[in-house]
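Please read the structure below before turning to the comments.
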Amino acid sequence: MNLKPQPFVNKRDNSIIAFLIFVGTLVVYWLTLARSLSFWDAGEYITCSSILGIPHPPGNPFYILLGRFSTILGLGVPHAQAVNFLSAVLASLAVMFTYLFTVKLISMWLQNPKQAYKAYLGGFLAAFYTAFSYTFWTNAIEAEVYSGLAFIINLIVWLTLVWVEKSRDFSHQNILLLIIYVFFLGFGIHQTSLQIAPAILFIVVYPLLRDNIGSKEFWSRLIIYLISLIGIYLIFNAVGKQLQIPALSKYMFALGSVALMYYHLKEKFQKKIWLLGILFILVGLSSHIYLLVRSELQPFINEGNPHNIPMFIEYVLR
2 MNLKPQPFVN KRDNSIIAFL IFVGTLVVYW LTLARSLSFW DAGEYITCSS
52 ILGIPHPPGN PFYILLGRFS TILGLGVPHA QAVNFLSAVL ASLAVMFTYL
102 FTVKLISMWL QNPKQAYKAY LGGFLAAFYT AFSYTFWTNA IEAEVYSGLA
152 FIINLIVWLT LVWVEKSRDF SHQNILLLII YVFFLGFGIH QTSLQIAPAI
202 LFIVVYPLLR DNIGSKEFWS RLIIYLISLI GIYLIFNAVG KQLQIPALSK
252 YMFALGSVAL MYYHLKEKFQ KKIWLLGILF ILVGLSSHIY LLVRSELQPF
302 INEGNPHNIP MFIEYVLR
């Protein structure tokens, strides 16, 4: 298998197919769209989008802002339909990127241009079965955050493969910065967007590690890093239980991973890249400012009341 997608797939044809998949999926979702609110969280998200309220923790602030934007663009359409349609659009984008990254993955196995149809067919089938699987379709036609989550995850996977295709020697670091930004922007839609971070991180750092895998220094460092991360998790898991912040261990584990990565790779990146990475993280997380600002104004729905820093931290970390 090649380490890079092969140039046997015609970019123009691939883009046209991806666009048609997006439009076709969106039409089906529109025809089957919930015309009003449905059970569980959908009614809460619709109402909070309409009045700029604060939903249940952790708030999903970027989704609420997108929902509010969709009600403004609704042009007289009931707010429930407008926010439901937002999910349909995000789900259709997720399906489109399912097609795009599947084509890139399959193209790694292609041996000649005559096999390009395999990538198109595989991408179409992956998109089709994603779009019309029961759970995904259900979430795509109601006001739920999971369509946005799927879009963010699929976009990140596609961007990672674009980076693999363009460069494995870190000359295209702007793509890595974009991936960081999308990761933390998606955090404002659903926090589980960060669950794929270890896999993406492995893809990125693997070229730096593979040449040293056989050395004793590599394995000794790896063991030290793993022991350190396990220790961080166990310590902050105990602290989190005492402070009633169960998620503290996960965030500190992630922070420790980033710190170790910086220590090990600091010579591979320019300093400005690390600084820009931190800036992009902060910009991606900036939608959470909405929770502090809006909660202070005491909207009709203000779950958790995260109007100050201590309550905000407790609210987001739940």
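Residues 2 to 319 (my numbering) make up the sequence shown, in order.
For each residue, glycine too, the CB sits at the ideal point set by N, CA and C.
Pull up the distance between the alpha-carbon of residue i and that of residue j, whole angstroms please.
i, j, result
"N11", "Y252", "42 Å"
"P199", "Y234", "15 Å"
"A260", "L230", "10 Å"
"M2", "Y130", "Interpretation of M2 is limited by its pLDDT of 46, a score under 50 that renders its predicted location unreliable; the figure taken from the coordinates is listed afterwards. Whole-angstrom Cα-Cα distance: 25 Å."
"F203", "L266", "13 Å"
"S221", "S50", "51 Å"
"T103", "V29", "22 Å"
"F9", "I52", "50 Å"
"W31", "F86", "7 Å"
"F185", "L286", "6 Å"
"L244", "L298", "28 Å"
"A19", "L91", "14 Å"
"F254", "G232", "9 Å"
"L160", "N175", "11 Å"
"G123", "I236", "45 Å"
"L223", "S134", "40 Å"
"L227", "S258", "9 Å"
"I201", "P307", "32 Å"
"T139", "F270", "43 Å"
"K272", "I314", "30 Å"
"K167", "A239", "43 Å"
"Q116", "F125", "15 Å"
"V294", "Y263", "33 Å"
"I225", "F40", "48 Å"
"V165", "Y118", "22 Å"
"Q112", "K242", "54 Å"
"H71", "G77", "According to the sequence provided, residue 71 is Ser. The question's His does not apply to it. When rounded, the distance between both Cα atoms is 11 Å."
"T136", "I197", "20 Å"
Taking 9 Å as the threshold (C-beta atoms), are residue j and residue i in contact?
i, j, result
"A128", "A89", "no"
"L318", "L249", "yes"
"Y121", "D14", "yes"
"F60", "A144", "According to the sequence displayed, residue 60 carries Gly and not Phe. Not in contact: G60 and A144 (Cβ atoms no closer than 9 Å)."
"I279", "L177", "no"
"I65", "Y291", "yes"
"I181", "I282", "yes"
"G305", "P58", "yes"
"A81", "S16", "no"
"P300", "G75", "no"
Can you tell which of the options has its C-alpha closest to the C-alpha of residue i?
i, options, result
"S194", "G25, F23, V183 and L244", "V183"
"N303", "I310, P311 and Y316", "Y316"
"L34", "P79, L74 and K105", "P79"
"G189", "N309, V24, L27 and S288", "S288"
"M97", "Q245, I157, K115 and L76", "I157"
"L162", "M312, S71, V205 and F270", "V205"
"I310", "I197, P300 and S296", "S296"
"N1", "A117, I55, K119 and K105", "Residue coverage of the chain in this structure runs from 2 to 319, which leaves residue 1 outside it and unanswerable."
"M26", "V84, P56 and L94", "Note on residue identity: the sequence assigns Thr, not Met, to residue 26. For T26, the nearest C-alpha among the options comes from L94."
"H191", "V24, P56, F23 and I22", "P56"
"V284", "K119, G187 and Y147", "G187"
"V24", "G77, A132, N113 and W110", "A132"
For the alpha helix (DSSP H) holding residue i, just list the boundary residues, first then last.
i, result
"H80", "H80 to S108"
"K273", "K272 to L286"
"E304", "Premise fails: E304 is in no alpha helix (DSSP H) and is neither H nor E."
"V28", "K12 to L32"
"L122", "A117 to A132"
"S37", "Run containing S37: none; DSSP gives neither H nor E here."
"L230", "K217 to L244"
"G187", "Q174 to G187"
"A43", "D42 to I52"
"E143", "From DSSP, E143 is part of no alpha helix (DSSP H); its letter is neither H nor E."
"T72", "P62 to L74"
"S296", "I290 to E297"
"I1", "It is not possible to answer for residue 1, since the shown part of the chain is limited to 2 through 319."
"L318", "I310 to L318"
Between residue i and chain B, is the shortest Cβ-Cβ distance under 9 Å, so that the two count as touching?
i, result
"F152", "In the structure shown, chain B cannot be found, because there is only a single protein chain."
Please determine if the stretch 149 to 169 and the stretch 40 to 49 are in contact, where contact requires at least 3 C-beta pairs separated by less than 8 Å.
-> no
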